[in-house]
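Peer 1: Those protein sequence lines, which keep their order, are chains D and B.
Per this note's numbering, the first sequence runs over residues -7 to 79.
Per this note's numbering, the second sequence runs over residues -7 to 79.
Number of protein chains: 2
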Amino acid sequence: MAELRKQIPGWALDGDRALRREFAFDDFNGAFGLVARVALLAEAESHHPEIELEWGRAAFRTWTHTVSGLSRNDFILAAKIDLLAES
Amino acid sequence: MAELRKQIPGWALDGDRALRREFAFDDFNGAFGLVARVALLAEAESHHPEIELEWGRAAFRTWTHTVSGLSRNDFILAAKIDLLAES
C-alpha cells in the first residue's frame, strides 16, 4: 500500500480507512466541472466517492464499503481523479 | 424569518446561521442529477450553497457570506432547491 500511495502524493490518509484530497479553484464553475467529470467516472466504474463542493473548492473521499477500508480500487480512483483535475 | 421558514419545512436551521437539507435517493444518478440542477441554479443566481454528494444522498447548506448568516436569498434558494427536487 505504501507503494500505491507514492503514485498519488496529493492524497491524504483519512483515519487509515479512506483517501481524501481537496482541489482549489478560482470560481464555482471550475469546481463543479471537476465534480461532474468525477461523477461520470464514478458511475462508469461503480465506485462512488464522497464529494464536497462549494465555491472555489471540491473535495473527494474514497474508501471501499465491502472491506470498510481501502482497496486497490481506491488508489486507482484517486489516480484517475488526479488525471481529470489536470485535464 | 419565522414566516419565511414556514415556506421551507424540509430545511433545518444549522446553528442559526445557515439552512441545511438532505435528500435521499436510490442511487448515485438521482443524487448527482439534483446536484447538477442546483449547480446551474447557483451559478445563475450567483449564490452558491455548500454541497455534499455521495451514493444515495445529496445535501445542501446555504448562508450569506456578506452577512455571515441568513438572508432572504437563502430562503429563496432553499425553496428553489425544493422545486428542483420535486421535478
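Note that CB positions come from ideal geometry on N, CA and C, so glycine has one too.
1) Please confirm whether A50 (chain D) and F15 (chain D) have their CB atoms less than 7 Å apart.
2) What's the gap between the Cα of D6 (chain D) and the Cα of G61 (chain D)?
3) DSSP state of F17 (chain D), grouped into three classes?
4) Can at least three beta-carbon pairs, one atom from the stretch 39 to 47 of chain D and one from the stretch 21 to 28 of chain D, be found at a separation below 8 Å?
5) Determine the extent of the alpha helix (DSSP H) in which I73 (chain D) is found, giving its start and end residues.
6) When the Cα atoms are used, what is the spatial distance from D18 (chain D) to E35 (chain B)?
7) Closer than 8 Å by C-beta to T58 (chain B): which residues in its own chain qualify, once you throw out the five before and the five after it? Chain order, please.
8) Can you pull the chain B residues whose beta carbon is under 7 Å from the beta carbon of W112 (chain D), in chain order?
9) Could you tell me which residues DSSP pairs with E46 (chain D) in its beta bridges?
10) What number of angstroms, rounded off, separates the C-alpha of L75 (chain D) from the C-alpha of R(-3) (chain B)?
11) Measuring CA to CA, which of D:A23, D:S38, D:D8 and D:A(-6) is closest to L69 (chain D)?
12) Can you grab the Cα-Cα spacing for the pair G22 (chain D) / F52 (chain D), in whole Å?
13) How many Å lie between A(-6) (chain B) and F67 (chain B) at the Cα?
14) Expressed to the nearest angstrom, what Euclidean distance is found between the alpha-carbon atoms of P1 (chain B) and R9 (chain B)?
15) Can you check which of these residues, D:S63, D:W3 and D:T54, is closest to A31 (chain D) by C-alpha distance?
Peer 2: If we stick to the structure as given:
1) Inclusion of A50 (chain D) and F15 (chain D) in the CB contact set at 7 Å is warranted, their separation being smaller than that value.
2) CA-to-CA, the gap between D6 (chain D) and G61 (chain D) works out to about 10 Å.
3) Coil at F17 (chain D), not helix or strand.
4) Touching, yes, given that three or more Cβ pairs across the two stretches are closer than 8 Å.
5) Per DSSP, the continuous alpha helix (DSSP H) segment holding I73 (chain D) begins and ends at R64 to E78.
6) Answer to the nearest angstrom: the Cα atoms are 14 Å apart.
7) So the list is empty, once near-sequence residues are dropped.
8) Outside the displayed span of chain D (-7 to 79) sits residue 112 (chain D), for which this structure offers no information.
9) Looking at the DSSP assignment, E46 (chain D) forms a beta bridge with D:R49.
10) Using only the alpha carbons, I get a separation of about 43 Å.
11) Checked all of D:A23, D:S38, D:D8 and D:A(-6); the closest Cα to L69 (chain D) is D:S38.
12) Going by the C-alpha atoms only, they are around 15 Å apart.
13) Straight-line Cα distance between these residues: approximately 11 Å.
14) Computed Cα separation, rounded: 17 Å.
15) A31 (chain D) has its Cα closest to that of D:T54, out of D:S63, D:W3 and D:T54.
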